[in-house]
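Below is one structure, written out as structure tokens; comments come after it.
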Amino acid sequence: AVSFSCVTAQRISTGGCPVVVVKAGFDASQYDGVWYEIEKNTAVFEAGLKCYQANYTAEKDNIRVVNTGVSPLPGKKVS
């Protein structure tokens, strides 16, 4: 059996963004491809969408993410 886990958090704060350090040995290409959510926290940009997915693509200096979902009205895929 294969098991995956994911932790997510949201924090509202004032001021600048924290300094983020890349994890040593991080391989962004391991995240390439389409990911489907199986559970979620409320996010404004996902409101009303179903079949929500994120497509991750590792690029030279970043990871490109395209989020899509199906809108109940008019039932079309949106991103």
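Numbered per this note's numbering, the sequence shown spans residues 115 to 193.
Even for Gly, the Cβ is constructed at its ideal location relative to N, Cα and C.
Kindly list the residues whose CB is nearer than 8 Å to the CB of residue i, restricted to its own chain and excluding five residues on each side of it in sequence; keep chain order.
| i | result |
| --- | --- |
| F159 | N181 |
| Q167 | V148, W149, Y150, E151, N181, T182, G183 |
Ordered along the chain, which non-local residues of its own chain (more than five positions away) have a Cβ less than 6 Å from that of residue i?
| i | result |
| --- | --- |
| R178 | T171 |
| N169 | V148, V180 |
| K191 | T182, V184 |
Is it true that the CB of residue j sits closer than 8 Å to the CB of residue i?
| i | j | result |
| --- | --- | --- |
| G147 | L163 | no |
Work out the CA separation of residue j and residue i for me, nearest whole Å.
| i | j | result |
| --- | --- | --- |
| A138 | L187 | 44 Å |
| P132 | C165 | 32 Å |
| Y145 | K174 | 14 Å |
| V135 | S143 | 18 Å |
| A161 | D141 | 31 Å |
| K154 | G130 | 26 Å |
| N176 | T156 | 25 Å |
message = List, from N- to C-terminal side, the beta strand (DSSP E) runs of 3 residues or more that fit wholly inside the stretch 128 to 168.
response = 147 to 150
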